[in-house]
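Residue numbers (the numbering used here): 2 to 322.
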């Protein structure tokens with residue numbers, strides 16, 4: 002193609018931009034590299050080299066951001082079917098035009114962004130509540146994903162999308178899904194397993210706790226006897242102390258009776274309190290033996306008997322098997 006034809010092609014492209022409401026990039030002093038890249042991108046676009054044009058526009062925009070460059074970046078991405086990138090570029094151009102007070106170019110860029118909406122593909126990285134572990138980190142195609150974007154449908158370009166999840170003291174996880182066209186694709190992050198199977202051990206412990214059967218006191222009768230002895234002993238101590246105190250001020254016919262009463266009460270307390278502690282403790286109820294099953298070794302016919310012994314001035318326990 003001759004130089005004259007190339008210039009004519011570029012002129013036609015610039016006229017098309019003006020008709021669309023987006024003026025060509027104005028040369029800016031101090032940014033010759035950005036201008037050169039922009040001009041190269043226009044030539045590549047008109048020649049149908051859209052991939053190369055996108056690269057040139059992206060490099061120009063990085064050197065010196067401009068409304069027209071962002072708009073052209075959107076056009077070439079749209080030609081390549083990368084609608085999410087195209088919409089992002091159009092919206093970037095619209096925001097820049099708005100800040101510059103250029104309502105016409107802002108409207109043109111937003112119109113193109115809205116027209117792409119039905120063609121967009123969306124990708125969701127779903128993180129259920131059960132998967133939220135301490136220090137969870139997610140990456141999408143090697144880039145960190147902010148927690149505010151978890152479980153949100155985000156516009157993406159077609160192609161492979163890899164999601165990785167990691168957390169301290171937990172096994173990593175990764176999945177790759179392919180986005181092919183309009184619609185929504187979801188990658189669900191599972192609960193990351195702890196290293197060395199710690200999760201399984203914790204689950205087993207919880208199951209064992211849940212499997213505990215009903216309980217009962219070791220001996221309801223002896224527990225009740227302990228309560229009675231403790232109550233009676235406490236009352237006897239109070240009566241004995243009160244009687245002995247009265248005898249100090251008056252003449253008592255039997256002063257030793259009150260002391261004996263108090264001592265007997267102490268003895269009953271000494272017997273009742275251990276009975277309450279020992280036989281009040283709850284223990285698991287053993288399941289009934291199956292018919293024909295042998296009795297447990299060392300337990301058949303064995304029974305523990307504990308009898309309280311209470312005398313006039315003493316008390317105790319007697320046990321037998």
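Just so it is clear, CB atoms sit at the ideal spot from N, CA and C, and this is done for glycine as well.
Alpha-carbon spacing of residue i relative to residue j, whole angstroms
i: residue 48; j: residue 54; result: 9 Å
i: residue 193; j: residue 180; result: 25 Å
i: residue 166; j: residue 278; result: 53 Å
i: residue 92; j: residue 111; result: 6 Å
i: residue 158; j: residue 123; result: 8 Å
i: residue 230; j: residue 257; result: 22 Å
i: residue 85; j: residue 131; result: 31 Å
i: residue 225; j: residue 272; result: 12 Å
i: residue 77; j: residue 62; result: 14 Å
i: residue 99; j: residue 174; result: 43 Å
i: residue 204; j: residue 127; result: Note that residue 204 scores a pLDDT of 48, beneath 50, so its modelled location is shaky; the value from the coordinates is reported in the next line. Rounded to whole angstroms, residue 204 to residue 127 spans 25 Å at the Cα level.
i: residue 242; j: residue 236; result: 10 Å
i: residue 164; j: residue 138; result: 10 Å
i: residue 183; j: residue 195; result: 37 Å
Same chain, Cβ closer than 8 Å to residue i, five either side skipped, listed in chain order
i: residue 125; result: 152, 153, 154, 155, 185, 186, 187, 188
i: residue 382; result: The displayed coordinates of the chain run from 2 to 322. Any statement about residue 382 would go beyond what the structure contains.
i: residue 162; result: 124, 141, 142, 177, 178, 179, 180, 186, 188
i: residue 103; result: 68
Assigned secondary structure, residue i (DSSP; H/G/I helix, E/B strand, else coil)
i: residue 153; result: coil
i: residue 166; result: strand
i: residue 189; result: strand
i: residue 82; result: coil
i: residue 140; result: strand
i: residue 74; result: helix
i: residue 66; result: coil
i: residue 6; result: Any reading at residue 6 needs caution, since the residue's pLDDT is 38, under 50, leaving its predicted position unreliable; the model's value is listed next. The answer is helix: DSSP assigns residue 6 an H, G or I state.
i: residue 93; result: helix
i: residue 99; result: helix
i: residue 51; result: helix
i: residue 242; result: helix
Per DSSP, cross-strand counterpart(s) of residue i
i: residue 126; result: 188
i: residue 180; result: 160
i: residue 195; result: 171
i: residue 119; result: Residue 119 is not bridged to any residue.
i: residue 145; result: 140
Spatial neighbours of residue i in its chain, beta-carbon cut-off 7 Å, leaving aside the 5 residues before and after
i: residue 57; result: 38, 41, 42, 45
i: residue 240; result: 262
i: residue 60; result: 38
i: residue 107; result: 95, 98, 99
Residues of its chain near residue i, where Cβ-Cβ distance is below 6 Å and the 5 sequence neighbours each way are ignored
i: residue 114; result: 88, 91, 92
i: residue 94; result: 68, 71, 72, 110
i: residue 32; result: 65
i: residue 211; result: Any reading at residue 211 must be qualified, since the residue scores a pLDDT of 49, below 50, and its modelled position is unreliable; no value is offered.
i: residue 34; result: 64
i: residue 190; result: 128, 132, 166
Heavy atom of the ligand MG within 7 Å of residue i beta-carbon
i: residue 176; result: As presented, the structure is devoid of all ligands, the ligand MG included, so that no description of it is given.
I'd like to know if the segment 74-85 and the segment 125-144 are in contact, where contact means that at least 3 CB-CB pairs between them fall below 8 Å.
no
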